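Heads up, the thing below is written out as structure tokens.
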Amino acid sequence: MPDVARKLKIKDIVGAKFVKSDDEPNHIVIGDLKASKINLIAVTVGSEEAGIVLDDGTGRIEARFSDMQRPALGDVVLMIARPREFNQTIYLVPEIIRKISPAWLEYRRKEISDQSFSRTERLLKVIKRLDKGSGADVEDIKSTMPESDKLISMLLESGDVFEVKPGRLKVLE
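So in numbering that gives the first Met the number 0, the last spot in the sequence shown is 172, and the numbers never skip.
Following this line, the structure appears as structure tokens:
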């Protein structure tokens with residue numbers, strides 16, 4: 000199965016856990032998401048000997064490369080890259096890098112602003128959405144988000160969710 004380049008924010012990449020593996024590509028883990036390729040739109044804000052520094056408004060990350068043409072400072076670029084780690088610092092190794100219109104930066108911000116990588120966060124959002132005041136029906140939750148039994152149990156135990164009456168859940172806010 001081909002690697003999909005995941006659309007991510009720099010703050011999520013920098014805060015991710017890097018996993019080095021022999022049986023699958025090296026990747027970062029953000030919540031339940033594994034990303035061995037990243038699709039990033041950012042502005043070139045710095046230049047170093049080994050690469051460039053990128054900023055998308057959420058953070059900064061270094062992209063290291065040798066034989067590719069470097070974008071100029073201030074260029075908005077679309078980059079498909081693989082994450083790597085050195086001294087507990089994640090950086091990117093670009094496969095493709097193209098200069099694009101600055102309007103795409105705002106489009107990407109809107110595109111991924113609501114993205115949630117944690118199944119727990121998604122489940123809490125589903126419960127809030129289905130709750131019309133008297134709690135969300137457990138069966139409706141399970142039909143909206145299959146395989147959520149263990150997560151529901153975990154949220155009940157942690158106190159993030161409570162049962163208003165049998166079979167109806169509410170998020171503790």
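Here a beta-carbon is modelled for each residue, glycine too, at the ideal position from N, C-alpha and C. All figures in this text were calculated on a predicted structure; none of them were measured in a lab.
I need the DSSP call for residue i, collapsed to helix, strand or coil.
{"i": "valine 92", "result": "strand"}
{"i": "aspartate 11", "result": "helix"}
{"i": "glutamate 23", "result": "coil"}
{"i": "glutamate 146", "result": "coil"}
Using DSSP bridges, identify the partner residues of residue i.
{"i": "lysine 6", "result": "Asn38"}
{"i": "aspartate 55", "result": "Its beta-bridge partners do not exist; DSSP assigns none."}
{"i": "arginine 81", "result": "Val92"}
{"i": "arginine 97", "result": "Leu77"}
{"i": "alanine 62", "result": "Ile51 and Leu91"}
{"i": "lysine 33", "result": "Val28"}
{"i": "lysine 16", "result": "Val28"}
Which two residues bound the contiguous beta strand (DSSP E) that contains residue i?
{"i": "aspartate 130", "result": "First-last for aspartate 130: undefined, no H or E at that position."}
{"i": "alanine 71", "result": "That residue, alanine 71, is in no beta strand (DSSP E); it is neither H nor E in DSSP."}
{"i": "lysine 169", "result": "167 to 170"}
Can you give me the Cβ contacts of residue i inside the same chain, cut-off strictly under 7 Å, excluding the 5 residues immediately before and after it?
{"i": "lysine 8", "result": "Asp55, Thr57 and Ile111"}
{"i": "alanine 49", "result": "Arg63"}
{"i": "valine 13", "result": "Gly58, Ile60 and Ile89"}
Taking the alpha helix (DSSP H) that residue i belongs to, which residues open and close that run?
{"i": "lysine 109", "result": "102 to 111"}
Identify, in the order they occur along the chain, each residue of the same chain with its Cβ nearer than 8 Å to the Cβ of residue i, setting aside the five sequence neighbours on each side.
{"i": "leucine 72", "result": "Thr43, Val44, Gly45 and Ser46"}
{"i": "glycine 158", "result": "Leu171"}
{"i": "glycine 166", "result": "Asp136, Val137 and Glu138"}
{"i": "glutamate 94", "result": "Lys36, Ile79, Ala80 and Arg81"}
{"i": "aspartate 140", "result": "The question names aspartate, but residue 140 is isoleucine in the sequence shown. Around isoleucine 140: Leu122, Val125, Ile126, Leu129, Ser147, Ile151 and Leu168."}
{"i": "aspartate 21", "result": "none"}
Can you determine whether any heavy atom of the ligand ATP sits closer than 7 Å to the C-beta of residue i, and answer yes or no?
{"i": "leucine 129", "result": "Ligands displayed in this structure: none; no statement on the ligand ATP is therefore possible."}
To which residues of the same chain is residue i closer than 6 Å at the C-beta, ignoring the five residues directly before and after it?
{"i": "arginine 83", "result": "Tyr90 and Val92"}
{"i": "lysine 173", "result": "Look at the range of the chain in this structure, 0 to 172, and you will see that residue 173 is not part of it."}
{"i": "asparagine 25", "result": "Lys19"}
>> Does the contact criterion of 3 or more C-beta pairs under 8 Å hold for the segment 31 to 39 versus the segment 65 to 79?
In response: yes
> Any chance the segment 58 to 77 sits against the segment 20 to 35, with 3 or more Cβ pairs inside 8 Å?
Replying inline: no
> Can we say the segment 92 to 112 touches the segment 122 to 136, given the rule of at least three CB pairs closer than 8 Å?
Replying inline: No: fewer than three Cβ pairs fall under 8 Å.
> Per the contact definition of three or more C-beta pairs closer than 8 Å, is the segment 141 to 154 in contact with the segment 94 to 109?
Replying inline: no
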